[in-house]
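Novice:
In the numbering used here, the protein residues as written are 25 to 433.
1. Apart from the five residues on each side of it in sequence, which residues of its chain come closer than 6 Å, Cβ to Cβ, to residue 306?
2. Among 46, 406 and 210, which has the Cα closest to the Cα of residue 266?
3. Which first and last residues belong to the beta strand (DSSP E) in which residue 422 is found?
4. Can you grab the Cα-Cα spacing for the pair residue 76 / residue 39, in whole Å?
5. How far does the alpha helix (DSSP H) with residue 67 in it reach, from first residue to last?
6. Are there three or more Cβ pairs, one per stretch, closer than 8 Å when the stretch 230-244 is compared with the stretch 104-118?
7. Rounded to a whole number of angstroms, what is the C-alpha to C-alpha distance between residue 222 and residue 63?
8. Name the two residues that bound the continuous beta strand (DSSP E) containing residue 187.
9. Given that a residue counts as buried once 16 or more other Cβ atoms are within 10 Å of its Cβ, and exposed if not, what is residue 35?
10. What separation, rounded to the nearest whole angstrom, lies between the Cα atoms of residue 180 and residue 237?
11. So, with DSSP's three-state summary, where would you put residue 240?
12. Which residues in the same chain as residue 58 place their Cβ atom closer than 7 Å to its Cβ, once the five residues preceding and following it in sequence are excluded?
13. Any contact between the stretch 164-174 and the stretch 87-105? By contact I mean 3 or more CB pairs, one from each, below 8 Å.
14. Counting only runs of 4+ residues fully inside the stretch 202-281, write out the alpha helix (DSSP H) ranges in chain order.
15. Would you please state the rounded distance, in angstroms, between the beta carbons of residue 409 and residue 298? I believe it to be under 8 Å.
16. Who are the near neighbours of residue 278 in its chain, counting only those whose CB is closer than 7 Å to its CB and skipping five residues on each side?
17. With a CB to CB cut of under 6 Å and the five nearest residues on each side skipped, what residues in its chain are close to residue 141?
18. Could you work out which residue in 123, 191 and 294 is closest to residue 451 when comparing CA atoms only?
19. Do you know how far the Cα of residue 30 is from the Cα of residue 247?
20. How many Å lie between residue 186 and residue 427 at the Cα?
21. Along the chain, where does the alpha helix (DSSP H) containing residue 55 start, and where does it finish?
22. Would you kindly report the start and end of the unbroken beta strand (DSSP E) that includes residue 169?
23. Reducing DSSP to helix, strand and coil, say where residue 433 ends up.
24. For residue 33, which residues in the same chain have their Cβ closer than 7 Å to its Cβ, ignoring the five residues on either side in sequence?
25. Am I right that residue 292 and residue 224 are in contact with their C-beta atoms under 8 Å? What's the rounded C-beta distance?
26. Would you mind listing the beta strand (DSSP E) stretches within the stretch 289-317 that are 3+ residues and don't spill past its ends, in chain order?
27. Contact between the stretch 151-170 and the stretch 192-210: three or more CB pairs below 8 Å?
28. Apart from the five residues on each side of it in sequence, which residues of its chain come closer than 8 Å, Cβ to Cβ, to residue 48?
29. Taking Cβ positions, are residue 413 and residue 295 nearer each other than 7 Å?
30. Taking three-plus beta-carbon pairs below 8 Å as touching, is the stretch 307-317 in contact with the stretch 354-364?
31. Can you give me the start and stop residues for the beta strand (DSSP E) that residue 193 sits inside?
32. Where does residue 323 fall in DSSP's three states?
33. Buried or exposed: where does residue 184 fall if 16 or more other Cβ atoms within 10 Å of its Cβ makes it buried?
34. When you compare only the Cα positions, how much space is there between residue 327 and residue 386?
35. Going by C-alpha distance, which of 167, 149, 150 and 151 is nearest residue 157?
36. Cutting at 7 Å between CB atoms, please list the residues of its own chain near residue 43, excluding the five before and the five after it.
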């Protein structure tokens, strides 16, 4: 296992600079257009696929970086380019993580390539967990999966919401209830193959930010999928459910992770890196503006009121990045998150992104409030980080429970 270092190695720097160049040359020039259109930027995704950024190989290489910094480094640079387009490029990754975290080697090899498609025929995937009445409260999930033993098929019924790429995806990963009596321990994840009857797109949401990323409901009506589309397989599920039932009977309190939580826990430092990228982008615009904008005969950065804001912004961004890097390194090193370090990184970076982008708008004044400058869009985009993949309130609850050992409600 590689030792933690504060310095990227030469290979990592080359990858970082390559991604940064794509973000600067391809994503940024297209950002305003796709934000206004509120449509999936298929041409940009295809360009990312052609250069190798939107591919299974690319994310595998970053995922298996022995320092753990490959994924957060890539996320920061892409989201520095534009959050909406970046989420369209990386949104498939959450579904892929769901398969890697819960699936068999055969399922990983079969389905993840189908999530990405080819450079000439790009595809996307969707991870479907949240429901209209079950967002942070995953225990209220109602989507059911019932096993038809005679046909060796699972039958799914329910409605999912807030699904990135929902309805337009080639492959959908759906979290559903298999045993309602076990609460969150009775959940499992399923692969819904392309073209499966009964799956349809519901409402497409018109959003405050990240508008280039498609977000919609996914409706499941008697969706029948083969038995081997249960992630991890039925034998493993039956064993897990049996252990959960035995613990319930004996009154045991051992914590069992459900399928959705395993996916979110693995992705939280990456979301923190996304927030760092957006914050850094807004800070850089504000810094450049403050050095060139003159009022009362001098650049506005000469005023302590502006200069101190920029100092705080840079300090907070660097602190957020360090929390993200620590959590990412701990994960790859097999170190347990004994103080919920993954949630810490996501919480702090998300809050920093909202604060820094708001400060950037303030530094630009009236210009910051217009769409002529990108900080307006960055400020809108930053709002999502404290909401998706676990709100800031949920992160604080996770941290509080972890450090106290108490069932805080």
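Quick reminder that beta carbons are idealized off the backbone N, C-alpha and C, glycines included. Note that the structure is a prediction, hence the values are computed from the model and not measured.
Specialist: Result, derived from the coordinates:
1. 380, 381, 384, 399 and 402
2. 210
3. For residue 422, no beta strand (DSSP E) encloses it; the enclosing alpha helix (DSSP H) starts and ends at 416-428.
4. 11 Å
5. 66-75
6. yes
7. Taken atom to atom, the span from the alpha-carbon of residue 222 to that of residue 63 is near 24 Å.
8. 177-188
9. exposed
10. 26 Å
11. The three-state secondary structure of residue 240, taken from DSSP, is strand.
12. 65, 108, 109 and 236
13. Taking one beta carbon from each stretch, the stretch 164-174 and the stretch 87-105 have fewer than 3 pairs nearer than 8 Å; the two do not touch.
14. Taken in chain order, the unbroken stretches of alpha helix (DSSP H) that lie wholly in the stretch 202-281 and span 4 residues or more are 258-274.
15. Between residue 298 and residue 409 the Cβ distance is about 7 Å, and since that is below 8 Å, they are a contact.
16. Summary for residue 278: the model assigns pLDDT 45, below 50, so the residue's position carries little reliability, and this model does not support an answer.
17. 147
18. Because the chain is modelled from 25 through 433, residue 451 falls outside the range shown and cannot be assessed.
19. Approximately 49 Å, taken between the alpha carbons.
20. Rounded to whole angstroms, residue 186 to residue 427 spans 30 Å at the Cα level.
21. 52-61
22. If you look at residue 169, you'll find it in the beta strand (DSSP E) that goes 168-172.
23. Residue 433 sits in coil when the DSSP states are folded into three classes, being neither helix nor strand.
24. Excluding residues up to 5 positions away in sequence, nothing lies with its Cβ nearer than 7 Å to the Cβ of residue 33 in the same chain.
25. Not quite, the Cβ-Cβ distance comes to about 30 Å (not below 8 Å), so this is no contact.
26. Correct list: empty.
27. yes
28. 105
29. yes
30. A contact between stretches requires three or more CB pairs, one per stretch, nearer than 8 Å, and the stretch 307-317 fails this requirement with the stretch 354-364.
31. Note, residue 193: premise wrong, no beta strand (DSSP E); not H, not E.
32. In the three-state scheme derived from DSSP, where H, G and I count as helix and E and B as strand, residue 323 is classed as strand.
33. buried
34. 14 Å
35. 167
36. 77, 98, 101 and 102.
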